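Set out below in structure tokens:
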């Protein structure tokens, strides 16, 4: 009998996760919330809940050793992992880092990478609390587990957005994606002619940095606490605004309207997008790896969030049957589609 | 200026870990014990401490997709991860599983693998509490983070062994290593002549099972608690008895004597070792992946551990300056040497 063979690319990441976790049963009462959010929630202690999240980063998929400085790689690995804890409105406390390194990776590379790891640990006040070190035939693979805490009543899920809630985003969008495009272009130029020195445009420094050494928004989590604003839903933008807003609307069982003219885009992002004949809006919607926080708040918090310098109100939550749409500057509507990061199947970009 | 390039193989895993963690500073008071044991200890709650451990498993390094049934791979991944929590005398509660799968891995393979994951979760009463799913160019990579709890006064480190303590080990040793040798031999036969059906010797069923679908010793942790025995040091045997006993003696700053005639070896292990012209004792000392518990207890607990059916007393702790030696049946002494699992440099075996 021929057994059925389905390529993973046929399903895609999220359908695969659904498939693989549909038989997952909960055995411990302390395991409060196991899937569907950025981090899992555990009731280990009485006063605070534990949040935990794990992420794998693979050379050739999530980063390219050809142009990724090791310090930045280490820094970004930690930032992208603890960003999931902030996205639950928690405080990251510890990280665990597993690495599988091929024989081409030198000790010096790893030392520099760990410099970046410790720099991020210092910046965000987390401890490297363990790990594993092994080998792989090719490339480099990292896995980062982030552990954090939050008061149970302060934990924010993806599933709490309500009709009429305001949709807010921190910082600006699309810059990391254009940083990646610039680095890929330089790599191709170098491959065609190794004599040519890469031309790193200083105007684009911001874009490189957003891709290679991103920050995560602990400041926003702090500001929300200080101003007494508890978001109804929150997620970090790792897959891209479209994908991530759809995670919230799907899990909250609502629709949304996003306004093109409200999307925060850095002027360097706009310039670089034009350089690549790309729409800056498309980059902002589908770019990913911004590590900004996307959250919804009750309309009663309009004034508080409107005052936050680093936060843009980009739309609002609507009833589910109205769908999830972007309103363009010309007042056309189009459906938001998850076109972000998809590890299986087509390559990013 | 020529930058220095040191191959990782020059250092080896443990020296690399020492190097990479020497600048690790602790920032959170709740991060009690970050390195040097099977799991890290976090004081998240007031009554119980949290133990956490992470392990990476790589195709071609830790397992071979050519002969590893997916259910067994999933089962073993969980068992090997939670074994680190038992080795701290804790109770595992949650696991997180990251996978990076190449396009050759089918959805059906992953479904079967997750069957094994859930079977192990059921057998050991732990929850799969999250994970990550991504892609890799070649093979399959798993990372498992295990989280457990223990009363602070019951946590056992590698560093507590005292002079005159008894050295105890659960179950038997060397079987998993010979299971691996048998599978590797069958793979070579198959490569030389794909027409030949692999000859799976039923007498060796136990050895295959010990390698492909190991158990972990929650029963021993339970028995220790019931009989009021608190080990002075404990570790699980993943690298091999020699390596792992040396982890304890190094961290406890002591020496040891192990007796050849006390090493627990299954009769099928002895038979298979002879088949390969190997010494069963060498297999027991250096084989690894037994996932048995190696622990030291005060001599006052002799009677209690001597009564435990699944525990062998194999030696005792001596002053550091006497070294770490095995006494053979012919009453010769030789130094114990860490020849177990080394991911960088020479291949296992």
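Chains as they are written, first to last, in the numbering used here: chain A, 30 to 378; chain B, 30 to 378.
Every residue, glycine too, gets a C-beta built ideally from N, C-alpha and C.
Keep in mind the model is a prediction, meaning the values are calculated, not measured.
Span separating the alpha-carbon of residue i from that of residue j
i                      : j                      : result
residue 367 of chain A : residue 249 of chain A : 25 Å
residue 147 of chain B : residue 319 of chain B : 21 Å
residue 242 of chain B : residue 105 of chain B : 5 Å
residue 21 of chain B  : residue 174 of chain A : Examination of residue 21 of chain B is not possible in this model, given that chain B is present from 30 through 378 alone.
residue 287 of chain B : residue 189 of chain B : 18 Å
residue 362 of chain B : residue 193 of chain B : 18 Å
residue 136 of chain B : residue 35 of chain A  : 6 Å
residue 265 of chain A : residue 164 of chain A : 31 Å
residue 338 of chain B : residue 184 of chain B : 24 Å
residue 63 of chain B  : residue 99 of chain A  : Its pLDDT being 45, under 50, residue 63 of chain B is placed unreliably in this model, and the coordinates cannot settle the point.
residue 77 of chain A  : residue 321 of chain B : 35 Å
residue 331 of chain B : residue 342 of chain B : 9 Å
residue 191 of chain A : residue 121 of chain A : 27 Å
residue 138 of chain B : residue 181 of chain B : 40 Å
residue 356 of chain A : residue 285 of chain A : 10 Å
residue 118 of chain A : residue 262 of chain A : 10 Å
residue 299 of chain B : residue 308 of chain B : 8 Å
residue 201 of chain B : residue 269 of chain B : 12 Å
residue 305 of chain B : residue 276 of chain B : 29 Å
residue 144 of chain A : residue 169 of chain B : 28 Å
residue 349 of chain A : residue 196 of chain A : 15 Å
residue 239 of chain B : residue 233 of chain A : 56 Å
residue 96 of chain B  : residue 103 of chain B : 14 Å
residue 177 of chain B : residue 87 of chain A  : 28 Å
residue 257 of chain A : residue 323 of chain A : 17 Å
residue 160 of chain B : residue 172 of chain A : 10 Å
residue 364 of chain B : residue 292 of chain B : 16 Å
residue 377 of chain A : residue 315 of chain A : Unreliable positioning characterises residue 377 of chain A in this predicted model, as indicated by a pLDDT of 35, which lies under 50. A coordinate reading is not provided.
Contacts of residue i in chain B (Cβ-Cβ under 9 Å)
i                      : result
residue 267 of chain A : Ordered by position in chain B, no residue passes the 9 Å Cβ test against residue 267 of chain A, which lies about 11 Å from the chain.
residue 125 of chain A : 69, 81, 82, 83, 174
residue 33 of chain A  : 135, 136, 137
Coarse secondary structure for residue i, derived from DSSP in three states
i                      : result
residue 348 of chain A : coil
residue 290 of chain B : helix
residue 129 of chain A : strand
residue 121 of chain B : strand
residue 383 of chain A : Outside the shown range of chain A (30 to 378) lies residue 383 of chain A, about which nothing can therefore be said.
residue 103 of chain B : helix
residue 36 of chain B  : strand
residue 64 of chain B  : Its pLDDT being 49, under 50, residue 64 of chain B is placed unreliably in this model, and the coordinates cannot settle the point.
residue 343 of chain B : strand
residue 77 of chain B  : coil
residue 185 of chain B : coil
residue 154 of chain B : coil
residue 112 of chain B : helix
residue 92 of chain A  : strand
residue 165 of chain B : coil
residue 173 of chain B : strand
residue 208 of chain B : helix
residue 179 of chain A : strand
residue 366 of chain B : coil
residue 145 of chain A : helix
residue 304 of chain B : helix
residue 329 of chain B : helix
Closest residue to residue i among the options (Cα-Cα distance)
i                      : options                    : result
residue 110 of chain B : B:96, B:132, B:118, B:81   : B:81
residue 328 of chain B : B:123, B:259, B:98         : B:259
residue 336 of chain A : A:306, A:252, A:282        : A:252
residue 279 of chain B : B:154, B:161, B:352, B:198 : B:352
residue 384 of chain B : A:238, A:364, A:90, A:341  : No statement about residue 384 of chain B is possible, as the shown extent of chain B runs from 30 to 378 and does not include it.
residue 124 of chain B : B:268, B:284, B:84         : B:84
residue 114 of chain B : B:128, B:245, B:203, B:213 : B:245
residue 92 of chain B  : B:218, B:210, B:325        : B:210
residue 205 of chain B : B:364, B:302, B:326        : B:302
Proximal residues of chain A, C-beta to C-beta of residue i below 9 Å
i                      : result
residue 170 of chain B : 85, 87, 129, 165, 170, 172
residue 336 of chain B : Correct list: empty, because the minimum Cβ distance to chain A is about 31 Å.
Closer than 7 Å at the beta carbon, the chain A residues around residue i
i                      : result
residue 160 of chain B : 83
Residue i: contacting residues in chain B (beta-carbon distance under 7 Å)
i                      : result
residue 326 of chain A : Under the 7 Å cutoff, chain B gives no residues; its nearest Cβ is about 26 Å from residue 326 of chain A.
residue 90 of chain A  : 163, 164, 165
residue 434 of chain A : Residue 434 of chain A lies beyond the range of chain A shown here (30 to 378); nothing can be said about it.
Closer than 9 Å at the beta carbon, the chain E residues around residue i
i                     : result
residue 48 of chain A : In the structure shown, chain E does not exist; the protein chains are A and B.
Contact set between residue i and chain A, taken where Cβ atoms lie within less than 8 Å
i                      : result
residue 223 of chain B : Those within 8 Å of residue 223 of chain B in chain A number zero; the least Cβ separation is about 19 Å.
Any non-hydrogen atom of the ligand HEM within 7 Å of residue i CB
i                      : result
residue 309 of chain B : Among the ligands in the structure shown, none appear at all, so the ligand HEM cannot be discussed.
Partner residues on chain B for residue i, Cβ-Cβ distance less than 8 Å
i                     : result
residue 36 of chain A : 132, 135, 136
Can you list the alpha helix (DSSP H) stretches of 4 or more residues lying completely in the stretch 226-293 of chain B, in chain order?
234-241, 247-255, 270-281
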